[in-house]
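Participant: Chains as they are written, first to last, in our numbering: chain U, 2 to 158; chain E, 2 to 158. Right, I'll just put the structure down here and ask away after.
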DNA sequence: CGGATATTGTATGTTGTACCGACAATGACC
DNA sequence: GGTCATTGTCGGTACAACATACAATATCCG
């Protein structure tokens, strides 16, 4: 743990020009938002043909990895509330990619499982994800990727 | 630059438990999305009293740093399209935080400038940002912050 | 046991953001 | 002077996050 920072030390060189963003460039949150936007845009392009969003792919993936998972389990892992989770589940169920079932041990819960169609879609999606990840990782070494993930994990864990 | 990765090497230890997310934990994009979500949530809490979003604060900040900036200049710096930029400008103008003016040298462009109210709001916002950033940076050393910004910059630049 | 409390899924509505296509006004270029 | 590009605007669509309220079910405890 470090002490509170009294002064903002420039962490990136200040280059005057069209792209200059001023002192806001030292705000970590700003860079996370820009990076997220860039990744989101490339993801959307990569998945335009499949008509799937980041969230939808993540849900398919997690349901495949955790058969019979309940919506709350999904919500915890993805840091979403129940209402948001349900909206995504509704969309995926409407497209026939997953099904809701009754949980045998808890009448409140519902089991989530992929359909054959959902599994096929996930298989295709994983190929696209690999392509997307390669685009993202192309600018880093393996060590940098590991370090980036470790730093990001400290934020969201 | 590195060669294409043929195999996915686990970059984070796999801990079984309630929070396990399976193999998706090795996807960089997934961590960026989660980190962005966590930062966004904390930002929203910090700014609930001011009723400002990340984007709105960023726009206020950038307009203050670049008086008479046009909407396209703002859009470039924030990686938004013109329509999205206008929606945010409309909201801020509606609240009397900034004003549009005619550009003297280009009839197509409009100048953007903060009002006194907008400058006061930005001042308050910067205090909240400092608090938010300290929350974010508390888990890192200065060197790690600098490294994180550098890595993120490679993504969004 | 039975009543309070918690959990889970659902329904509904609001907000913010992002994108698209189309359009008018203006400027730039040849 | 006539294209062509740029800028701002507008309308529509989509997604996600959140809040609130509600019903059904589980759990806990006196």
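Even glycine gets a Cβ: it sits at the ideal position worked out from N, Cα and C.
Could you confirm whether any beta carbon from chain U is found closer than 8 Å to the beta carbon of residue 36 of chain E?
Facilitator: Locating residue 36 of chain E in the second chain gives position 35, where the first residue counts as 1. Answer yes: the Cβ-Cβ gap between residue 36 of chain E and chain U drops below 8 Å somewhere.
Participant: Would you kindly work out how many angstroms separate the C-alpha atoms of residue 159 of chain U and residue 83 of chain U, rounded to a whole number?
Facilitator: Given a span of 2 to 158 for chain U in the structure shown, any question on residue 159 of chain U remains unanswerable.
Participant: Identify which residue in E:29, E:124, E:46, E:53 has its Cα closest to the Cα of residue 65 of chain E.
Facilitator: Taking the first residue of the second chain as position 1, residue 65 of chain E is located at position 64. Cα-wise, what sits closest to residue 65 of chain E is E:124.
Participant: Check whether the region 33–45 of chain U touches the region 104–121 of chain U, taking contact to mean three or more Cβ pairs, one atom from each stretch, closer than 8 Å.
Facilitator: Verdict: no, contact absent.
Participant: Kindly list the residues whose CB is nearer than 6 Å to the CB of residue 31 of chain E, restricted to its own chain and excluding five residues on each side of it in sequence; keep chain order.
Facilitator: Sequence index remark: in the second chain, residue 31 of chain E carries index 30 (1-based). For residue 31 of chain E, where only same-chain residues beyond five positions count, the Cβ hits under 6 Å are 25.
Participant: Strictly under 8 Å for the Cβ-Cβ distance: is residue 57 of chain U near chain E by that measure?
Facilitator: Residue mapping note: residue 57 of chain U aligns to position 56 of the first chain, counting from 1. It does not; no Cβ of chain E falls within 8 Å.
Participant: With a Cβ-Cβ cutoff of 8 Å, do residue 44 of chain E and residue 57 of chain E count as a contact?
Facilitator: By one-based count along the second chain, residue 44 of chain E stands at place 43. By one-based count along the second chain, residue 57 of chain E stands at place 56. Not in contact: residue 44 of chain E and residue 57 of chain E (Cβ atoms no closer than 8 Å).
Participant: Taking the alpha helix (DSSP H) that residue 91 of chain E falls in, what are its first and last residues?
Facilitator: Sequence index remark: in the second chain, residue 91 of chain E carries index 90 (1-based). Unbroken alpha helix (DSSP H) run through residue 91 of chain E: 83–95.
Participant: Could you tell me whether the region 115–133 of chain U touches the region 87–105 of chain U, where touching means 3 or more Cβ pairs closer than 8 Å?
Facilitator: Touching, yes, given that three or more Cβ pairs across the two stretches are closer than 8 Å.
Participant: Which chain E residues are close to residue 152 of chain U, counting only those with a beta carbon under 8 Å from its beta carbon?
Facilitator: Counting from one through the first chain, the residue named residue 152 of chain U turns up at place 151. Within chain E, the residues near residue 152 of chain U are 141, 145, 148, 149, 152.
Participant: Kindly indicate the opening and closing residues of the alpha helix (DSSP H) around residue 38 of chain U.
Facilitator: Within the first chain, the letter at position 37 stands for residue 38 of chain U. Start and end: 29–47.
Participant: Helix, strand or coil: how does DSSP classify residue 69 of chain E here?
Facilitator: Translated into positions along the second chain, residue 69 of chain E becomes position 68. Coil, per DSSP.
Participant: Going by the beta-carbon positions, is the gap between residue 61 of chain E and residue 126 of chain E smaller than 8 Å?
Facilitator: Taking the second chain and counting its residues from 1, the one referred to as residue 61 of chain E is at position 60. Taking the second chain and counting its residues from 1, the one referred to as residue 126 of chain E is at position 125. Yes. Within cutoff.
Participant: If you check the beta carbons only, do residue 151 of chain U and residue 152 of chain E fall under 8 Å apart?
Facilitator: Taking the first chain and counting its residues from 1, one reaches residue 151 of chain U at position 150. Taking the second chain and counting its residues from 1, one reaches residue 152 of chain E at position 151. The answer is no: Cβ separation not under 8 Å.
Participant: Give me the Cα-Cα distance between residue 81 of chain U and residue 34 of chain E, rounded to the nearest whole angstrom.
Facilitator: Against the first chain, residue 81 of chain U aligns to sequence position 80. Against the second chain, residue 34 of chain E aligns to sequence position 33. Taking the straight line joining both Cα atoms gives about 12 Å.
Participant: Determine the direct distance from the alpha carbon of residue 96 of chain U to that of residue 48 of chain U, and round the result to whole angstroms.
Facilitator: Here residue 48 of chain U refers to the residue found at position 47 of the first chain. Here residue 96 of chain U refers to the residue found at position 95 of the first chain. The straight-line gap from Cα to Cα measures roughly 16 Å.
Participant: In angstroms, rounded to a whole number, what distance separates the CA positions of residue 88 of chain U and residue 121 of chain U?
Facilitator: Position 87 of the first chain, counted from the first residue, corresponds to residue 88 of chain U. Position 120 of the first chain, counted from the first residue, corresponds to residue 121 of chain U. Going by the C-alpha atoms only, they are around 22 Å apart.
Participant: Taking residue 46 of chain U as the query, report the chain E residues whose CB atoms sit under 7 Å from its CB, ordered along the chain.
Facilitator: Locating residue 46 of chain U in the first chain gives position 45, counting from the first residue. What residue 46 of chain U touches in chain E: nothing, since even the nearest Cβ is about 13 Å away.
Participant: Using three-state DSSP, classify residue 80 of chain U as helix, strand or coil.
Facilitator: On the first chain, position 79 is the one that residue 80 of chain U refers to. Three-state result, residue 80 of chain U: coil.
Participant: Let me check understanding here. Comparing Cα to Cα, which of E:28, E:27, E:104, E:46 lies closest to residue 134 of chain E?
Facilitator: The sequence position of residue 134 of chain E within the second chain is 133, counting from 1. Of the listed residues, the one whose Cα sits closest to residue 134 of chain E is E:46.
Participant: Buried or exposed: where does residue 27 of chain U fall if 16 or more other Cβ atoms within 10 Å of its Cβ makes it buried?
Facilitator: Along the first chain, one-based indexing puts residue 27 of chain U at 26. So residue 27 of chain U ends up on the buried side.
Participant: If you run the structure through DSSP and keep just helix, strand and coil, what is residue 142 of chain U?
Facilitator: One-based indexing of the first chain puts residue 142 of chain U at position 141. Looking at residue 142 of chain U - three-state DSSP - the assignment turns out to be coil, as it is neither helix nor strand.
Participant: Does residue 86 of chain U pass the burial test, meaning 16 or more other C-beta atoms within 10 Å, or should it be called exposed?
Facilitator: Taking the first residue of the first chain as 1, we reach residue 86 of chain U at position 85. So residue 86 of chain U counts as buried.
Participant: What are the boundary residues of the beta strand (DSSP E) that residue 102 of chain E is part of?
Facilitator: As a first step, residue 102 of chain E must be located in the second chain, where it is residue number 101. Start and end: 99–103.
Participant: Is it true that the CB of residue 75 of chain E sits closer than 8 Å to the CB of residue 63 of chain E?
Facilitator: For this step, residue 63 of chain E is matched to residue 62 along the second chain. For this step, residue 75 of chain E is matched to residue 74 along the second chain. Taking 8 Å as the Cβ cut-off, residue 63 of chain E and residue 75 of chain E qualify as a contacting pair.
Participant: Using a Cβ cut-off of 9 Å, which residues of the region 63–95 of chain E contact any Cβ in chain U, in chain order?
Facilitator: Hits within the stretch, in order: 63, 65, 66, 67, 74, 77, 78, 79, 80, 81.
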